[in-house]
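Line by line, the protein sequences are chains A and B. Count the first sequence with this note's numbering and you get residues 15 to 252, in order. Count the second sequence with this note's numbering and you get residues 1166 to 1195, in order. We put the CB at the ideal spot given by N, CA and C, even for glycine. First up is the structure itself, then whatever we jot down about it.
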Amino acid sequence: MRLDPAAATRAIARGRVIYLLGLIGVAALYWLALAGSPADRIQGMVFKTVYLHVPAAVWMELSFLITGVLSVLVLWLKDPRLDCFAEASAEAGLLFGSVVLLTGPIWGRVIWGAWWVWEPRLTFTLLLYLLFVGYFSLRGTLQDPQERARFAAVVGIMALFLVPFIHLAVDLFASQHPEHVLLRTPTTDPNAPRFDPAVTRTILTGMGVFALLYLGAALSRYGVAIRKAALETGEDDD
Amino acid sequence: MIDTVRYMIAAYVVAGLVLLGYGVRVFRRR
């Protein structure tokens, strides 16, 4: 399978530009969240952590899901480029997971009175995060690229089971974590909470900003992985 | 009564540092 080092260099350059745009987006999101959105009537100002926590959580789930889907394809098609993007997406997932696991407890300290509770969503999010720390440890120990791709894919596939479980945990179990509120509207659900339009607008902006960060992080990491894979297989010599 | 503003600022600072720190990694890796 052709691994093009020139394409890798382009991916790294494009990833950097997109990540930089994402960081500019983060600055805009901060301004929108802190100056353009109201404090919550009950939770006060700490409610505003939701503008970082929720988009980061959604993109953490998507990143690991993409790794999971690509891991299935790695085992099936054995294309090293799929393994490179699976690895890149997993690293983006760890980045967003770090934001989720740092902002969540700060909110929890104020609203729950505890930095951490061992309830289903938090526990399994931590497990997912540690699973992918292990994913990278495993990759680091294996020298043979094909063996590394195959072993890592088996771990990556676990995301396909864990992510839906984490996403639905608040509906399936007696969970302390707040329920899904973003996609509920008064027309479909009479009990849906009514948000100030500024809240919805800021959360959706956050989704877009984290999409840019994902693309930038994953694309540049993909380029690095392709370059490394080309070196390993000697395809950069020609 | 907990000062919720301080906790909110802490969350924004921590998240900003993580995202900026990763940005440094994005630009430094070869």
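Task: Whole-Å CB distance - residue 25 (chain A) paired with residue 233 (chain A), under 8 Å assumed - done: 5 Å
Task: Residues of its chain near residue 52 (chain A), where Cβ-Cβ distance is below 8 Å and the 5 sequence neighbours each way are ignored - done: 210, 212, 213
- [ ] Determine the extent of the alpha helix (DSSP H) in which residue 121 (chain A) is found, giving its start and end residues.
- [x] 94 to 125
Open item on the list: Rounded to whole angstroms, what is the Cα-Cα separation between residue 142 (chain A) and residue 21 (chain A)?
Closed with: 31 Å
Task: Other residues of its chain near residue 135 (chain A): CB distance less than 7 Å, five sequence neighbours each side excluded - done: 180, 183, 184, 189, 191
TODO: Starting from residue 1170 (chain B), find everything on chain A with Cβ-Cβ shorter than 7 Å and list it in chain order.
DONE: 59
Task: Cross-chain neighbours of residue 214 (chain A) in chain B, by beta carbon under 8 Å - done: Within chain B, no residue comes near residue 214 (chain A); the closest Cβ sits about 19 Å away, beyond 8 Å.
TODO: Please decide whether residue 5 (chain A) counts as near chain B, where near means a Cβ-Cβ distance under 9 Å.
DONE: Coverage of chain A is limited to positions 15 through 252, which leaves residue 5 (chain A) absent and any answer about it impossible.
Task: Counted within 10 angstroms of its Cβ, other Cβ atoms place residue 251 (chain A) as buried (16 or more) or exposed - done: The pLDDT assigned to residue 251 (chain A) is 48, lower than 50, so where the model puts this residue is not dependable, and the model offers no usable value.
Task: Closer than 9 Å to chain B by CB, residue 70 (chain A) - done: yes
TODO: Starting from residue 120 (chain A), find everything on chain B with Cβ-Cβ shorter than 9 Å and list it in chain order.
DONE: 1172, 1173, 1175, 1176, 1179
TODO: Name the two residues that bound the continuous alpha helix (DSSP H) containing residue 232 (chain A).
DONE: 211 to 247
- [ ] Over the uninterrupted alpha helix (DSSP H) stretch that includes residue 153 (chain A), give me the two end residues.
- [x] 134 to 155
Open item on the list: Tell me which residues of the stretch 1179 to 1193 of chain B have at least one Cβ-Cβ distance to chain A shorter than 8 Å, keeping chain order.
Closed with: 1179, 1180, 1181, 1183, 1184, 1185, 1187, 1188, 1191, 1192
TODO: Would you grab the beta carbon distance between residue 247 (chain A) and residue 17 (chain A) for me? Rounded to a whole angstrom, and I think it's under 8 Å.
DONE: 7 Å
- [ ] Give the C-beta separation of residue 27 (chain A) and residue 235 (chain A) to the nearest angstrom, bearing in mind that I take them to be a contact with Cβ-Cβ under 8 Å.
- [x] Residue 27 (chain A) to residue 235 (chain A), Cβ: 13 Å. No contact.
Open item on the list: With three or more beta-carbon pairs closer than 8 Å as the criterion, would you say the stretch 71 to 79 of chain A touches the stretch 99 to 114 of chain A?
Closed with: yes
Task: Integer Cβ distance of residue 139 (chain A) from residue 115 (chain A), believed to fall under 8 Å - done: 7 Å
Open item on the list: What does the Cβ neighbour count give for residue 151 (chain A), buried or exposed, with the cut at 16 atoms within 10 Å?
Closed with: exposed
Open item on the list: Considering only the alpha carbon of each residue, which of A:64, A:239, A:62, A:68 lies closest to residue 162 (chain A)?
Closed with: A:239
- [ ] Identify the continuous alpha helix (DSSP H) that holds residue 1193 (chain B) and give its terminal residues.
- [x] 1169 to 1193
- [ ] Taking 9 Å as the cut-off, decide whether the C-beta atoms of residue 170 (chain A) and residue 237 (chain A) are in contact.
- [x] no
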